[in-house]
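Heads up: the sequence shown begins at 789 in the numbering used here, then just goes up one per residue. Remarks on the structure that follows.
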Amino acid sequence: MPYTLDTPLAEALPEKRAASLKRAFDMLTVGDLITHYPRRYQMRGELTPITGLVEGETVTIVAEVRAASVRPMRNRRGSILEVSISDGRGEAKLTFFNQAWRQRDLTPGRRGMFSGKVGYFQRAMQLSHPEYELFDDEDSGSDAEQWARTPMAIYPATSKEPSWDIARAIGPVLDGLGDVADPFSDELREREKLLPYRTALDLIHRPSAIEEADQAKHTLRMHEALVLQIALAQQRQSVHEMDGTSRPAVPGGLLERFDQTLPFERTADQLTVGDEIAAELVEEHPMNRLVQGEVGSGKTLVALRAMLQVAESGGQAALIAPTEVLAAQHLRSITRMLGPELQTELMPTLLTGQMGAAERRRAALRVASGQARVVVGTHALLSDKTTFADLGLVVVDEQHRFGVEQREALRAKGRTPHMLVLTATPIPRTVAMTVFGDLDVSTIRTMPAGRAGIQTFAAPVAEHPGWWPRVWERAAEEVRKGHQVFAVCSAIDVDDSGKAVEEDPDGFADDAPEPEEGERKGPKWGVVQLAQTIATHPDIRGLRIAILHGKMSSEEKDATMQAFSRGDIDILVATTVIEVGVDVPNASTMIIVEADRFGVSQLHQLRGRVGRGAVPGLCLLVTEAEENTDARRRVEAVAGTLDGFELAEKDVELRGEGDVLGSNQSGVRSSLKLLRVVKDVRLIMRARQLAEAIIADDPVLQRHSGLADALRRRVTDRERAALAKS
């Protein structure tokens, strides 16, 4: 019997091979193996440029053996076989211990694939833990020319599952694969210039020319985009079918009275987005909307107006913020904007984990009774002990600090409440979901008048040691002008052994990247060390310096921020506890130490703490990261633009799209196979159009059996559950 895509891999391959592939790539079925697509193609007759290989990466290259020699080990019995491989210009070394027999195969002139991690030993490039597969000697005549021009698939691999072993597994399984149901109709396939599905699977693994591989990839990208868009379209449809509560504004009500008290005109984008939200809150299905806008563009004002509209019907609105400092500031800001009369009616209430027991009980009682119609809090809002009388709207501020599960935990406290998610810099998963269309998206691009703007500079102090003292001279210059300075570190304290007390405000994860190969694993500077060090700088000595971090008590944090806001502190040395929402118009300068330890989103958010008023902003990104590393590229990307949307795309390029169908936000484990969100945006949007037309005509895919099969294989129950919570 021919295999199907659902055939267990253990039935198509020897038991040990199937078990190995399961361990390496979690492959269970023939479909899992067949959709393990090549990462690139290599002509057997072309050698891979060796000089372009990146240290620390595991690579598979095509090269030629130049020399092989065996010598005895110096300090113990045994021998070392050293092999030199080359692309004609550069060379790399392979080293084998007690394997002299390999010299019989690795003779000068032999070509093949060589795999290993790129490193250097005594300034010579080497592949550690090398594996290889030599080509058979070429036939003479025209066959040799064809052989040299035939693309060879190079697969994503591991040290125990090299590319050539994966190719050996795929070949016979592909030969035994029967007919595969095509997700596209003949008419649609012809219109979109796509290959039959079965043909595309053959050609992506075994093309006779690169053009065939390109055709196959285009077809399979569209397959992937359509299946994901179908899943998202079904999710949007299910949201629209949920029973929600209409929350209309009324003439002369809370919202209208609030608008009349505003001392400024709303921007065009604030008006447009406000109208979109107001209209959606009237619907009898829950809103699920993302509002993205630059730091200071007025997202909080838009959210507050939505909260007031919900409160008019007696409903409650809960705003969850990632840190206690930000939650407290939000409450002060909301209270100030509302004025005394509306405060009395709405009773804005703060609920955080670090409040005293008695104060927290009083706040929780106001929330549970419905007396508090505007609630602001941190993770304490997620507690089982926190209940609402009628939760009608959930506002998630700075959504990149919250996971899908945390958002869902708050939403579950109401009867399908409306959801409004705010972000200043979309992280990879948000960009992916935006392009794929899971969330309805509103964008605020125009900024309120009167902003002085920000200049940003990268300061690579390892290359220019003199820039370190100059950074603090520049800080002192700003203080002498009457301005204030933020200095930010990733850690609170670092002891003599290099062990750090890390910041983790309220237990939420952020987008800080994992260290790259060769990078320092822990921070060099903590808030404590930096404050002590800069206090001895000749220009800083005598200035008023204070520290702020998440391990301080609520009272200490609040007192420090109030003092900084009043101008009683010249330089505030802090962790990312001040990342979002902190508003001190007189602060002109943001210095971020070890900026390469932060993600793009964090750097953009931190920069947004300055240049918020009439005082021009300056942001200095201090880094010791080497050139041409992702860490350095992140820093330079932020220095290169103030456009948060451009940075979001750059973040995707550097970190990946995230798990589009799951809850992972970091971008490390992408569920996408061939699609790339930024590069393939047009194809994805076309797939969305096709998906919407298909779902409108055939919601359960009764007449699209091939597409239904592909959807069943591609989107698991777990992923559907994650989508439902997005």
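For glycine and all other residues, C-beta sits at the position ideal for the given N, C-alpha and C.
Comparing alpha-carbon positions, which option in V1164, I849, L1198 and T839 lies nearest L1139?
The shortest CA-to-CA distance from L1139 to any of V1164, I849, L1198 and T839 is the one to V1164.
Taking the beta strand (DSSP E) that F885 belongs to, which residues open and close that run?
Taken as a continuous stretch (DSSP letters only), the beta strand (DSSP E) holding F885 covers E879 to F885.
If you drop the 5 nearest sequence neighbours on each side, which residues of the same chain put their C-beta closer than 7 Å to that of V853?
Only V871, I873, L894, T895, P896, G897 and R898 meet the Cβ criterion.
Over the uninterrupted beta strand (DSSP E) stretch that includes K1345, give me the two end residues.
For K1345, no beta strand (DSSP E) run applies; the uninterrupted alpha helix (DSSP H) run containing it begins and ends at S1342 to R1354, by DSSP.
Considering only C-alpha positions, which residue in the set G876, G1158, A855 and G866 is nearest to L882?
Of the listed residues, the one whose Cα sits closest to L882 is A855.
Roughly how many angstroms lie between the CA atoms of Q1243 and T1377, to the nearest whole one?
Straight-line measurement puts the Cα of T1377 at about 10 Å from the Cα of Q1243.
Quick check: the Cα distance between M940 and K1005, rounded to an integer number of angstroms?
Distance between M940 and K1005, taken at the CA atoms: about 15 Å.
So, with DSSP's three-state summary, where would you put D927?
Residue confidence for D927 is low, a pLDDT of 47 falling below 50, so the modelled location carries little weight; the figure read from the coordinates is stated next. D927 falls in the coil class under three-state DSSP.
Any chance the stretch 991 to 1006 sits against the stretch 1026 to 1040, with 3 or more Cβ pairs inside 8 Å?
No contact exists between the stretch 991 to 1006 and the stretch 1026 to 1040.
Span separating the alpha-carbon of D1172 from that of A1156:
It is roughly 12 Å from the alpha-carbon of D1172 to the alpha-carbon of A1156.
For R1491, tell me which candidate among A969, L922 and R811 has the shortest Cα-Cα distance.
Nearest option by C-alpha distance: A969.
Let me confirm a value: D1047 is counted as buried when at least 16 other C-beta atoms fall within 10 Å, else exposed. Which label applies?
With fewer than 16 other Cβ atoms within 10 Å, it is exposed.
Smallest Cα separation from E1112: which of A1091, E845, A1200 and A1347?
Between E1112 and the set A1091, E845, A1200 and A1347, the nearest pair of CA atoms involves A1347.
Comparing C-alpha positions only, which one of A1091, T938 and D1031 sits nearest to A1001?
Checking every option, the nearest Cα to that of A1001 belongs to T938.
Nearest-angstrom Cα distance between T1234 and M1143?
If you draw a straight line from the Cα of T1234 to the Cα of M1143, it comes to about 37 Å.
Are the beta-carbon atoms of G904 and E843 separated by less than 8 Å?
With respect to E843, G904 sits apart: the two C-beta atoms are not nearer than 8 Å.
To which residues of the same chain is P1074 closer than 7 Å at the C-beta, ignoring the five residues directly before and after it?
Excluding sequence neighbours, P1074 sits near V1027, M1030, G1032, T1204, P1205, H1206 and M1207.
Which of the three DSSP states is assigned to G1314 in this structure?
DSSP places G1314 in strand when its eight states are reduced to three.
Opposite R828 in the DSSP bridges: which residues?
R828 has I942 as its beta-bridge partners, per DSSP.
Do you know how far the Cα of L869 is from the Cα of P860?
One Cα belongs to P860, the other to L869, and the distance between them is close to 9 Å.
Distance, Cα to Cα, L1336 vs R1262?
CA-to-CA, the gap between L1336 and R1262 works out to about 21 Å.
Pairwise C-alpha distance: T1166 and L1463
The straight-line gap from Cα to Cα measures roughly 36 Å.
Does DSSP put R1474 in a helix, in a strand, or in coil?
Annotated three-state conformation of R1474 is helix, per DSSP.
Distance, Cα to Cα, Q910 vs R1400?
Whole-angstrom Cα-Cα distance: 52 Å.
Determine the closest residue to L1119 out of G1084, A1146 and A1160, with distance taken between C-alpha atoms.
Out of G1084, A1146 and A1160, A1160 has the C-alpha closest to the C-alpha of L1119.
Answer yes or no: does any C-beta atom of chain B fall closer than 8 Å to that of E1412?
Of the chains in the structure shown, none is chain B; there is only one protein chain.
When you compare only the Cα positions, how much space is there between E1012 and M789?
Spanning the alpha carbons of E1012 and M789 requires a straight line of approximately 28 Å.
In the DSSP assignment, find the unbroken alpha helix (DSSP H) run with A1021 in it and report its ends.
Segment I998 to E1029, the alpha helix (DSSP H) holding A1021.
Taking three-plus beta-carbon pairs below 8 Å as touching, is the stretch 1259 to 1278 in contact with the stretch 1380 to 1387?
Yes, they touch.
Rounded C-alpha distance that separates I1102 from G1084:
Just to set this straight, residue 1102 is Gly in the shown sequence, not Ile. For G1102 and G1084, the distance between alpha carbons rounds to 30 Å.
May I ask you to report which of helix, strand or coil DSSP gives D1298?
For D1298, the pLDDT reaches just 39, beneath the cut-off of 50, and the residue's location in the model is therefore unreliable, leaving the point undetermined.
Which listed residue (L1408, E1412 and E1064) has its alpha carbon closest to that of E1253
Note that residue 1253 is Pro in the sequence shown here, rather than Glu. Among L1408, E1412 and E1064, the Cα nearest to that of P1253 belongs to E1412.
How about V1162 and A1105: do their beta carbons lie closer than 8 Å?
The criterion of a C-beta distance shorter than 8 Å is satisfied by V1162 and A1105.
Mind pulling the beta strand (DSSP E) runs of 3 or more residues that sit fully within the stretch 1351 to 1415?
Segments of the beta strand (DSSP E) lying fully in the stretch 1351 to 1415: 1359 to 1362, 1375 to 1380 and 1405 to 1411.
According to DSSP, simplified to helix, strand and coil, what is D974?
Three-state result, D974: helix.
Please state the DSSP three-state secondary structure of I1242.
In the three-state DSSP reduction, I1242 falls in the strand class (E or B).
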